Amino acid sequence: MKRWGLWTTGIALGLVLGVLVELGTQDAEPAPMAVSGAATTSLPPLATTSPGPTPTVAAATEAPAWMHKLAPGEKPPQFVLFSFDGAASKAHWDRVLPIARKRGAHVTGLLSGVYLLADADADLYTGPGHPQGKSSIGFGGTRADVAARIRYLNDAIAAGHEIGTHYNGHFCENDEPSVGRWDTAQWDSELDQFFGLVDRARQQGLQLDPKAVRGGRTPCLEGDWAKAIPAMRDHGLTYDTSQVSLGVQWPQVKDGVWEFPMPEVRVPALGKQVVMMDYNLWYALDGADEKATGRTAEYTTVVLDTYRSVHQAALNGNRAPLVIGNHFNDWAGGAFSNAVDTFLDEVCAAKDTVCATYTEVIQWMQLQDPEVLDQFRHMPAAMN
Numbered sequence: 123m124k125r126w127g128l129w130t131t132g133i134a135l136g137l138v139l140g141v142l143v144e145l146g147t148q149d150a151e152p153a154p155m156a157v158s159g160a161a162t163t164s165l166p167p168l169a170t171t172s173p174g175p176t177p178t179v180a181a182a183t184e185a186p187a188w189m190h191k192l193a194p195g196e197k198p199p200q201f202v203l204f205s206f207d208g209a210a211s212k213a214h215w216d217r218v219l220p221i222a223r224k225r226g227a228h229v230t231g232l233l234s235g236v237y238l239l240a241d242a243d244a245d246l247y248t249g250p251g252h253p254q255g256k257s258s259i260g261f262g263g264t265r266a267d268v269a270a271r272i273r274y275l276n277d278a279i280a281a282g283h284e285i286g287t288h289y290n291g292h293f294c295e296n297d298e299p300s301v302g303r304w305d306t307a308q309w310d311s312e313l314d315q316f317f318g319l320v321d322r323a324r325q326q327g328l329q330l331d332p333k334a335v336r337g338g339r340t341p342c343l344e345g346d347w348a349k350a351i352p353a354m355r356d357h358g359l360t361y362d363t364s365q366v367s368l369g370v371q372w373p374q375v376k377d378g379v380w381e382f383p384m385p386e387v388r389v390p391a392l393g394k395q396v397v398m399m400d401y402n403l404w405y406a407l408d409g410a411d412e413k414a415t416g417r418t419a420e421y422t423t424v425v426l427d428t429y430r431s432v433h434q435a436a437l438n439g440n441r442a443p444l445v446i447g448n449h450f451n452d453w454a455g456g457a458f459s460n461a462v463d464t465f466l467d468e469v470c471a472a473k474d475t476v477c478a479t480y481t482e483v484i485q486w487m488q489l490q491d492p493e494v495l496d497q498f499r500h501m502p503a504a505m506n
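With our numbering applied, the sequence shown has no gaps in its numbers, which climb one by one up to 506 at the end.
Here is the structure:
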């Protein structure tokens with residue numbers, strides 16, 4: 123029998139989502155399904171993976187106490203990486219930022235570049251293989267909306283949070299040519315345009331250094347990695363967080379890019395394996411039924427129990443960085459955002475646990491002996 127994470131993905135591809143998420147201005151941030159069938163293949167064993175050169179980032183300028191080389195026998199921190207696809211909703215940034223500030227936590231917003239482009243300027247974007255001015259998730263609303271978005275993204279950046287890329291037009295399977303079919307030249311075009319949109323927004327006041335965009339997550343976790351990763355690498359990206367692992371595993375270098383896999387885990391309430399992304403959890407619970415109501419508290423509890431059990435499995439096991447993948451959404455009455463807010467507040471205060479960005483984890487890994495990291499990567503995956 124196929125694992126639930128794979129089985130639900132195949133069904134989910136047939137769904138057409140009309141879910142919109144309030145941005146806090148006048149536009150809306152759609153949050154489409156998280157996974158494609160191709161993307162749910164677990165990472166290959168280390169012995170069969172071509173690592174390529176290990177990418178590096180600049181060392182931390184202000185190093186917290188945990189940012190040090192491990193002493194012999196010392197365990198690594200249990201890193202937790204909260205990451206949000208789309209990353210454009212002020213309402214949700216307003217929820218996350220105070221909690222992160224209270225707990226000394228950093229999160230990663232994976233920004234869709236089209237949210238920096240007003241609807242009136244949509245023709246400035248052409249998705250590879252698609253008509254000029256088309257995006258599956260719309261654009262940034264009015265020019266006033268974009269200006270407001272730049273201001274609150276600046277607040278997140280100033281607070282030490284990371285901004286990565288969620289690319290632009292979000293063309294998933296059945297919206298062809300989808301990102302899963304793109305060749306390297308098409309990925310190059312998409313990334314060229316993402317950084318072009320960042321540069322344009324910088325002229326409007328965005329305080330995001332393009333060199334600080336060090337990685338991202340592909341739409342719907344889709345991609346022919348042999349075609350996508352060379353484009354990532356050539357655009358200076360040092361990490362990706364789109365592929366899936368069975369259980370929580372340490373990042374590994376694939377073709378010159380750090381891969382931080384999203385774990386497929388057991389949902390205790392269901393007794394099934396699910397990719398630990400908010401949409402996948404929603405689909406596992408009720409088929410992502412937008413009309414289902416009245417179960418918000420129940421779903422929040424289910425997701426929280428899952429997060430907690432996976433964190434404990436990693437903390438007591440291989441201590442691999444735990445990727446918590448989300449969208450800024452209000453699905454099921456806000457059940458998944460409620461769970462993330464609660465878990466962020468809870469886990470970032472937990473003993474031996476550090477809530478960090480992808481760049482911060484890479485900076486920490488660069489301080490360690492390669493042999494030590496290799497030992498960690500060969501430990502069994504943490505399974506809840």
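The beta carbon of each residue, even a glycine, is placed where N, CA and C say it ideally should be.
These figures come from a predicted structure and were not determined experimentally.
Check                                                                                                                                                                                         : Outcome
With a threshold of 7 Å, establish whether the CB of GLY195 neighbours any heavy atom of the ligand FMN.                                                                                      : The model on display carries no ligand, and the ligand FMN is accordingly not part of it.
Comparing the C-beta of ASP297 with each C-beta of chain D, is any distance below 8 Å?                                                                                                        : Absence of chain D from the displayed structure is noted, only one protein chain being present.
Under 8 Å between the Cβ atoms of SER364 and GLY378?                                                                                                                                          : no
On the three-state DSSP scale, how would you describe SER431?                                                                                                                                 : helix
According to DSSP, simplified to helix, strand and coil, what is TYR289?                                                                                                                      : coil
If you drop the 5 nearest sequence neighbours on each side, which residues of the same chain put their C-beta closer than 6 Å to that of HIS283?                                              : HIS228 and VAL229
Would DSSP call TYR401 helix, strand or coil?                                                                                                                                                 : helix
Helix or strand or just coil, what does DSSP make of GLN497?                                                                                                                                  : helix
How many angstroms separate the CA atom of ASP321 from the CA atom of ALA240?                                                                                                                 : 15 Å
Report buried or exposed for MET487, applying the criterion of at least 16 other Cβ atoms within 10 angstroms of its Cβ.                                                                      : buried
May I ask you to report which of helix, strand or coil DSSP gives MET155?                                                                                                                     : Residue placement at MET155 is poorly supported in this model, since its pLDDT is 44, which falls under 50; the coordinates still yield a value, given next. Coil at MET155, not helix or strand.
Of the choices ALA457, ASP297 and HIS190, whose alpha-carbon is the least far from that of TYR421?                                                                                            : ALA457
Assuming PRO299 and PHE382 are in contact, meaning their beta carbons sit under 8 Å apart, how far apart are those beta carbons, in whole angstroms?                                          : That pair is no contact at about 27 Å.
Here's the rule I'm using: 16 or more other beta-carbon atoms within 10 Å means buried, otherwise exposed. How should LYS197 be labelled?                                                     : exposed
Do three or more CB pairs link the region 411-429 to the region 175-187 at distances below 8 Å?                                                                                               : no
What first and last residue would you give for the beta strand (DSSP E) that runs through HIS449?                                                                                             : 444-449
Based on Cα-Cα distance, which residue from GLY195, ARG271, SER257 and GLN371 lies nearest to VAL432?                                                                                         : GLN371
In the DSSP assignment, the beta strand (DSSP E) including MET189 goes from what residue to what residue?                                                                                     : Element bounds for MET189: n/a, residue is neither H nor E.
Taking its Cβ as the centre, do 16 or more other Cβ atoms sit within 10 Å of MET501, making it buried, or is it exposed?                                                                      : exposed
Give me the residue from GLY226, ASP400 and GLY416 with the minimum Cα distance to ALA187.                                                                                                    : GLY226
Which of the three DSSP states, helix, strand or coil, is assigned to PRO341?                                                                                                                 : helix
What residues in its chain sit with their C-beta under 6 Å from that of GLY235, if we drop five residues either side in the sequence?                                                         : ASN290, PHE316 and LEU319
Count the CB pairs spanning the region 395-408 and the region 445-453 that are closer than 8 Å, and state whether there are at least three.                                                   : yes
Spatial neighbours of ASP245 within its chain, please: CB distance less than 7 Å, with the 5 preceding and 5 following residues excluded, ordered by chain position.                          : GLN254 and GLY255
Pull up the distance between the alpha-carbon of ASP267 and that of GLN490, whole angstroms please.                                                                                           : 44 Å
Apart from the five residues just before and just after SER257, which ones in its own chain have a Cβ nearer than 6 Å to its Cβ?                                                              : VAL236 and GLY291
Under a three-way DSSP split, which group does ARG125 fall into?                                                                                                                              : Residue confidence is low: ARG125 scores 38 on pLDDT, short of 50, so the model does not pin down where it sits. Its coordinate-derived value is still stated next. Correct three-state label for ARG125: coil.
Of the choices ALA478, PRO492, VAL462 and TYR429, whose alpha-carbon is the least far from that of ASN506?                                                                                    : TYR429
Looking at the secondary structure, which residues open and close the beta strand (DSSP E) in which THR475 lies?                                                                              : 475-477
Just list the beta strand (DSSP E) runs in the region 320-397, keeping only unbroken ones of 3 residues or longer that don't cross its boundaries, in chain order.                            : 366-368, 374-376, 379-381, 384-389 and 394-397
Which residue from VAL218, ALA210 and ALA406 puts its Cα closest to that of GLU468?                                                                                                           : VAL218
Provide the residue span of the alpha helix (DSSP H) that contains ASP462, from first to last.                                                                                                : The amino acid at residue 462 is misidentified as Asp; the sequence shows Val. It spans 453-469 - the alpha helix (DSSP H) in which VAL462 sits, taken as one unbroken run.
Quick one: what does DSSP say THR178 is sitting in, helix, strand or coil?                                                                                                                    : coil
Excluding the 5 residues preceding and the 5 following VAL483 in the sequence, name in chain order all residues of the same chain whose CB lies nearer than 8 Å to its CB.                    : PHE201, LEU203, PRO373, PHE382 and PRO443
Who does SER205 pair with in a DSSP beta bridge?                                                                                                                                              : THR230 and GLY447
Please go through the same chain and pick out, in chain order, the residues whose beta-carbon is closer than 6 Å to the beta-carbon of THR481, but skip the five residues on each side of it. : VAL179, GLU284 and ARG336
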